[in-house]
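>
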Amino acid sequence: MGDLFYILRYAVPALVVFLTAWFLLKEFFQQENKRRHADLMSDRMQISLPLRLQAYERLVLLLERMSPNNLIMRVYKPEWSAKELQRQLIKSVRDEYTHNLSQQLYVSPQVWELINQAYEETLGQINALTSSLDEDATATDLSQKILESDLERSATEKAMAYLKSEARKSF
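Take the sequence shown: its letters are residues 1 to 171, numbered as in our numbering.
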């Protein structure tokens with residue numbers, strides 16, 4: 001019995017010290033992992049934040065260039081027929097869109113879906129307005145028809161508003 005007390009006299013404090021050290025080390029390593037994760041996320045943000053900001057800027061520019069007023073101002077030539085203006089407008093919108101396809105990596109799926117809708121609606125309305133004109137219509141006729149339509153206040157504006165609100169939340 002004396003030997004048991006002798007062993008317990010050393011074993012219990014050693015067990016208490018062991019459990020205390022184990023608990024403290026466990027907490028230390030958990031905090032260290034959290035700190036490393038936070039540092040890693042900070043490093044990622046320093047790299048990705050400028051890329052995301054640039055993507056938002058480029059997509060705003062894309063939507064601005066797809067808007068009717070800007071599109072007509074860039075592409076319009078009075079000597080063209082309505083069909084030639086239509087081809088050039090569609091080419092310009094498609095070129096802008098394909099140039100910015102990679103930006104979808106940096107924005108939410110909702111933003112990219114709205115940009116796709118704006119793209120498709122812009123092309124659809126250009127085609128619809130052109131088909132509503134006579135065969136011998138001029139570029140001036142088509143440009144007036146486009147500028148009078150609600151094209152700018154539709155999907156392009158909706159996408160622009162959502163894109164801006166997402167950008168504000170991100171930064």
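A virtual CB, placed ideally from N, CA and C, is assigned to each residue, including glycine.
Which first and last residues belong to the alpha helix (DSSP H) in which T140 is found?
Numbered from 1 along the sequence shown, position 140 holds the residue referred to as residue 140. Segment A139 to E148, the alpha helix (DSSP H) holding T140.
> Going by CA-CA distance only, name the one from D136, A155 and L19 that's closest to W80.
Position 80 of the sequence shown holds residue 80. It is D136.
> Contact between the segment 155-166 and the segment 116-132 is defined here as three or more beta-carbon pairs at a separation below 8 Å; is this criterion met?
Counting Cβ pairs under 8 Å, three or more are found: they touch.
> Give the C-beta separation of L147 and D141 to the nearest angstrom, bearing in mind that I take them to be a contact with Cβ-Cβ under 8 Å.
Mapped onto the sequence shown, residue 147 falls at position 147. Mapped onto the sequence shown, residue 141 falls at position 141. No, L147 and D141 are not in contact; Cβ-Cβ is about 11 Å, not under 8 Å.
> Give me, in chain order, the residues of the same chain whose beta-carbon lies closer than 7 Å to that of S108; leave out the 5 immediate sequence neighbours on both sides.
What you label residue 108 is simply residue 108 of the sequence shown in a count that begins at 1. Result list for S108: E166, in chain order.
> Measure the alpha-carbon distance for E84 versus L40 and round it to whole angstroms.
As a working note, residue 84 is residue 84 in the sequence shown. As a working note, residue 40 is residue 40 in the sequence shown. Distance between the alpha carbons of E84 and L40 is about 53 Å.
> Would you mind reading off the limits of the alpha helix (DSSP H) that contains W112?
Taking the sequence shown and counting its residues from 1, the one referred to as residue 112 is at position 112. That run of the alpha helix (DSSP H) goes P109 to S131.
> Can the beta-carbon of V93 be found closer than 8 Å to that of L61?
For the purposes of this step, residue 93 is taken as the residue at position 93 of the sequence shown. For the purposes of this step, residue 61 is taken as the residue at position 61 of the sequence shown. Not in contact: V93 and L61 (Cβ atoms no closer than 8 Å).
> Verify whether the separation of the beta carbon atoms of Y162 and L101 is less than 8 Å.
Counting from 1 along the sequence shown, the entry for residue 162 is found at position 162. Counting from 1 along the sequence shown, the entry for residue 101 is found at position 101. Taking 8 Å as the Cβ cut-off, Y162 and L101 do not qualify as a contacting pair.
> Return the CA-CA distance between L51 and V16, expressed in angstroms with no decimal places.
Taking the first residue of the sequence shown as position 1, residue 51 is located at position 51. Taking the first residue of the sequence shown as position 1, residue 16 is located at position 16. Each residue's alpha carbon lies about 53 Å from the other.
> Leaving out five residues on either side along the sequence, give the residues of the same chain with a beta carbon under 8 Å from the beta carbon of A139.
Along the sequence shown, read from residue 1 onward, the residue named residue 139 stands at position 139. Same-chain partners within the cutoff: Y76, K77, P78, E79, W80, S81, A82, E84 and L85.
> Rounded to a whole number of angstroms, what is the C-alpha to C-alpha distance between Q104 and N33?
Stepping through the sequence shown from its first residue, residue 104 is reached at position 104. Stepping through the sequence shown from its first residue, residue 33 is reached at position 33. Their Cα atoms are separated by approximately 32 Å.
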